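Colleague: The structure follows.
Residue numbers (my numbering): 7 to 402.
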């Protein structure tokens, strides 16, 4: 833990808060949507719009931070998130589906900023500690995995007739506290940001022609897309489709989120030992295991084990892809490459979450799982292709 510093501790703490908010919305968003929407096929629309908000805000987030710095960009994110949670409380009191969708979109927009926590962490350590820093920030999400569902449970216990309002009021307080904590973030230049005044960033297409960068972006797209697609549908499939309780669905989501982030304890070691390409391939194969387990049946343990495997596979692809990304662009391309990556990742995630409710409603759980296979095969094929390419430098 010799790589720890003040910035990493601040980012770790705020990661807890933002993950808590996203997990709360994933847990209750489809259920609230099913209750409020006039058409049940739109049940997952609020969760989908949260991801759409993330995707749309990734590019403005990157360039806001380029102009104002990481600290003020993140503080802005806390204000957007608190506003979204406040709008959600109003929507629930008014039983207004459209307003609830506005709320989740606002919270999602703040996540476009908070996704930059991992890049800020990578810039706070030496290049050989990037995977350690990224993994450490993701470990903060384990606390969020407990706090988010706990807010759901406490809210339901506090007022059974309005089971979600208290949770959103709790989120407002957490977001505002995290904004204060972020004021301690030290503004600093990246360790790699010694840019020649004559250096110009390459066009986006030329950057993507570099195999390492293309593979890194695709790893994020496939990992986040498949994870969001299946995770969005799971609580709805469990509660509305099968009849499990909200508490049981919350427990499964909690296990999934822990599985997303707990492997961060060993992912840096795996990357050092096996290499980035093998770790990303392992992540893809683990996601395929989600498909196999989920197709075995609808027992609680089928959901539990498939969601745990989904989380582990996501971790290997996301940490591996992020680590490879920051090694694959020129210093002058930092914000451009990060914006390109996150826009691609969360656009795919938004599309996946939009499709999840429709596919689940019209075709069922098994068809939803099977439909992830082409993306996983594409990831494996791309990894195999990239290994045959010359080991070019990002500066070439």
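Glycine included, C-beta positions come from ideal geometry on N, C-alpha and C.
All values derive from a computational prediction rather than experimental measurement.
(1) Residues in the same chain with beta-carbon distance under 6 Å from residue 109, minus the five sequence neighbours each way, listed in chain order, please.
(2) Taking the C-alpha atoms as reference points, what is the distance between residue 115 and residue 360?
(3) Going along the chain, which unbroken runs of the alpha helix (DSSP H) with 4 or more residues stay wholly within the segment 315 to 390?
(4) Which same chain residues, not among the five before or five after residue 141, have their C-beta less than 8 Å away from its C-beta?
(5) Using only alpha-carbon positions, find the residue among 264, 236 and 71 that is nearest to residue 379.
(6) Assuming residue 303 and residue 312 make a contact with CB atoms under 8 Å, what is their CB distance in whole Å?
(7) At what residues does the alpha helix (DSSP H) containing residue 77 begin and finish?
(8) Using the Cα positions of residue 259 and residue 71, report the straight-line distance between them to the nearest angstrom.
(9) Which word fits residue 122, buried or exposed, when buried means at least 16 other C-beta atoms lie within 10 angstroms of its C-beta?
(10) Tell me whether residue 198 sits in a helix, a strand or coil according to DSSP, three-state version.
(11) Report the residue from 184, 61, 51 and 327 whose alpha carbon sits nearest the alpha carbon of residue 345.
(12) At which residue ranges does the segment 252 to 328 contain complete alpha helix (DSSP H) runs of 4 or more residues, listed in the order of the chain?
(13) Report the option in 232, 223, 192 and 153 whose CA atom is closest to the CA atom of residue 261.
(14) Given this structure, state the Cα-to-Cα distance separating residue 11 from residue 130, to the nearest angstrom.
(15) Return helix, strand or coil for residue 190, following the three-state DSSP convention.
(16) Determine the closest residue to residue 276 out of 373, 158, 318 and 238, with distance taken between C-alpha atoms.
(17) Which residue comes first and which comes last in the alpha helix (DSSP H) that contains residue 19?
(18) If I'm right that residue 349 touches residue 64 with Cβ under 8 Å, what's the distance once you round it to whole angstroms?
(19) Quick check on this structure: which residue in 284, 357, 16 and 298 has the alpha carbon closest to the alpha carbon of residue 375?
(20) Taking Cβ positions, are residue 190 and residue 323 nearer each other than 8 Å?
(21) Could you give the residue range of the alpha helix (DSSP H) that holds residue 235?
(22) State the start and end residues of the unbroken alpha helix (DSSP H) segment that holds residue 113.
(23) Kindly list the residues whose CB is nearer than 8 Å to the CB of residue 14, restricted to its own chain and excluding five residues on each side of it in sequence; keep chain order.
(24) Around the Cβ of residue 179, are there at least 16 other Cβ atoms within 10 angstroms (buried) or fewer (exposed)?
(25) Tell me which residues share the same chain as residue 201 and place their Cβ nearer than 6 Å to its Cβ, disregarding the 5 neighbours each side in the sequence.
(26) For residue 105 and residue 352, I'd like the C-alpha separation in whole angstroms.
(27) Between residue 160 and the rest of its own chain, which residues show a CB-CB distance below 8 Å, the 5 nearest in sequence each way excluded?
(28) Tell me whether the segment 218 to 233 and the segment 381 to 389 touch, counting them as touching only if at least three CB pairs, one residue from each stretch, are closer than 8 Å.
(29) In the DSSP assignment, the alpha helix (DSSP H) including residue 124 goes from what residue to what residue?
(30) DSSP three-state label for residue 170, please.
(31) Roughly how many angstroms separate the alpha carbons of residue 55 and residue 133, rounded to a whole number?
(32) Nearest to residue 192 by alpha carbon, out of 107, 25, 80 and 395?
(33) On a CA-only basis, which of 53, 83 and 51 is nearest residue 66? Give me that one, please.
(34) Going along the chain, which residues of its own chain have a beta-carbon closer than 8 Å to the beta-carbon of residue 112, five neighbours each way excluded?
(35) Between which two residues does the alpha helix (DSSP H) holding residue 210 run?
(36) Beta-carbon separation of residue 366 and residue 188 under 8 Å?
Modeller: In short, the structure shows the following:
(1) For the purposes of this step, residue 109 is identified with residue 103 of the chain shown, where counting begins at 1. Excluding residues within five positions, the ones whose Cβ falls inside 6 Å are 90, 93, 94 and 97.
(2) For this step, residue 115 is matched to residue 109 along the chain shown. For this step, residue 360 is matched to residue 354 along the chain shown. Taking the straight line joining both Cα atoms gives about 16 Å.
(3) 340 to 369 and 371 to 376
(4) For this step, residue 141 is matched to residue 135 along the chain shown. Once the five neighbours on either side are set aside, the close Cβ partners of residue 141 are 270, 271, 273, 274 and 325.
(5) Position 373 of the chain shown holds residue 379. Residue 379 has its Cα closest to that of 236, out of 264, 236 and 71.
(6) Here residue 303 is taken as the residue at index 297 of the chain shown, counted from 1. Here residue 312 is taken as the residue at index 306 of the chain shown, counted from 1. Residue 303 to residue 312, Cβ: 10 Å. No contact.
(7) Translated into positions along the chain shown, residue 77 becomes position 71. Residue 77 -> alpha helix (DSSP H) spans 76 to 100.
(8) For the purposes of this step, residue 259 is identified with residue 253 of the chain shown, where counting begins at 1. For the purposes of this step, residue 71 is identified with residue 65 of the chain shown, where counting begins at 1. Looking at the two C-alpha atoms, the distance is approximately 32 Å.
(9) As a position in the chain shown, residue 122 is number 116, starting the count at 1. Label assigned to residue 122: buried.
(10) Looking up residue 198 in the chain shown gives position 192. Because the pLDDT at residue 198 is just 40, under 50, the model does not fix this residue reliably, and the value given afterwards should be weighed accordingly. Residue state, collapsed to three classes: coil.
(11) Here residue 345 is taken as the residue at index 339 of the chain shown, counted from 1. When only C-alpha atoms are compared, the closest one is 61.
(12) 252 to 267, 273 to 280 and 282 to 300
(13) Numbered from 1 along the chain shown, position 255 holds the residue referred to as residue 261. Of the listed residues, the one whose Cα sits closest to residue 261 is 153.
(14) For this step, residue 11 is matched to residue 5 along the chain shown. For this step, residue 130 is matched to residue 124 along the chain shown. Approximately 8 Å, taken between the alpha carbons.
(15) Residue mapping note: residue 190 aligns to position 184 of the chain shown, counting from 1. Coil.
(16) In the chain shown, counting from the first residue as 1, residue 276 sits at position 270. It is 318 whose Cα lies nearest to the Cα of residue 276.
(17) For the purposes of this step, residue 19 is taken as the residue at position 13 of the chain shown. Element bounds for residue 19: 12 to 42.
(18) Along the chain shown, read from residue 1 onward, the residue named residue 349 stands at position 343. Along the chain shown, read from residue 1 onward, the residue named residue 64 stands at position 58. About 5 Å separates the two Cβ atoms, so the contact holds.
(19) Start at 1 with the first residue of the chain shown, and residue 375 comes out as number 369. The residue with the shortest Cα to Cα distance from residue 375 is 298.
(20) Stepping through the chain shown from its first residue, residue 190 is reached at position 184. Stepping through the chain shown from its first residue, residue 323 is reached at position 317. Against a cut-off of 8 Å, the Cβ pair of residue 323 and residue 190 comes out as no contact.
(21) Residue 235 sits at position 229 when you count from the first residue of the chain shown. From DSSP, the alpha helix (DSSP H) with residue 235 extends over 217 to 242.
(22) Taking the chain shown and counting its residues from 1, the one referred to as residue 113 is at position 107. Start and end: 103 to 120.
(23) The sequence position of residue 14 within the chain shown is 8, counting from 1. 127, 130, 131, 139, 142 and 143.
(24) Translated into the one-based positions of the chain shown, residue 179 becomes position 173. So residue 179 ends up on the exposed side.
(25) Within the chain shown, residue 201 is the residue found at index 195, counting from 1. Model confidence at residue 201 stands at a pLDDT of 43, short of 50, so the residue's coordinates are unreliable and nothing is read from them.
(26) For the purposes of this step, residue 105 is taken as the residue at position 99 of the chain shown. For the purposes of this step, residue 352 is taken as the residue at position 346 of the chain shown. So the alpha carbons of these two residues sit roughly 22 Å apart.
(27) By 1-based counting over the chain shown, the position of residue 160 is 154. So the qualifying residues of the chain are 172, 173 and 176.
(28) yes
(29) Residue mapping note: residue 124 aligns to position 118 of the chain shown, counting from 1. That run of the alpha helix (DSSP H) goes 123 to 128.
(30) Here residue 170 corresponds to residue number 164 of the chain shown, with the count starting at 1. The answer is coil: DSSP assigns residue 170 none of H, G, I, E or B.
(31) Walking along the chain shown from the start, residue 55 turns up at place 49. Walking along the chain shown from the start, residue 133 turns up at place 127. Each residue's Cα considered, the two are about 35 Å apart.
(32) Translated into positions along the chain shown, residue 192 becomes position 186. Minimum Cα distance to residue 192 is reached at 80.
(33) Within the chain shown, numbered from 1, the residue matching residue 66 stands at position 60. Checking every option, the nearest Cα to that of residue 66 belongs to 83.
(34) As a working note, residue 112 is residue 106 in the chain shown. Closer than 8 Å at Cβ, skipping near neighbours: 59, 86, 87, 89, 90 and 93.
(35) To locate residue 210, count along the chain shown from 1; it is residue 204. From DSSP, the alpha helix (DSSP H) with residue 210 extends over 210 to 214.
(36) Counted from its first residue, the chain shown places residue 366 at position 360. Counted from its first residue, the chain shown places residue 188 at position 182. Contact flag unset, no.
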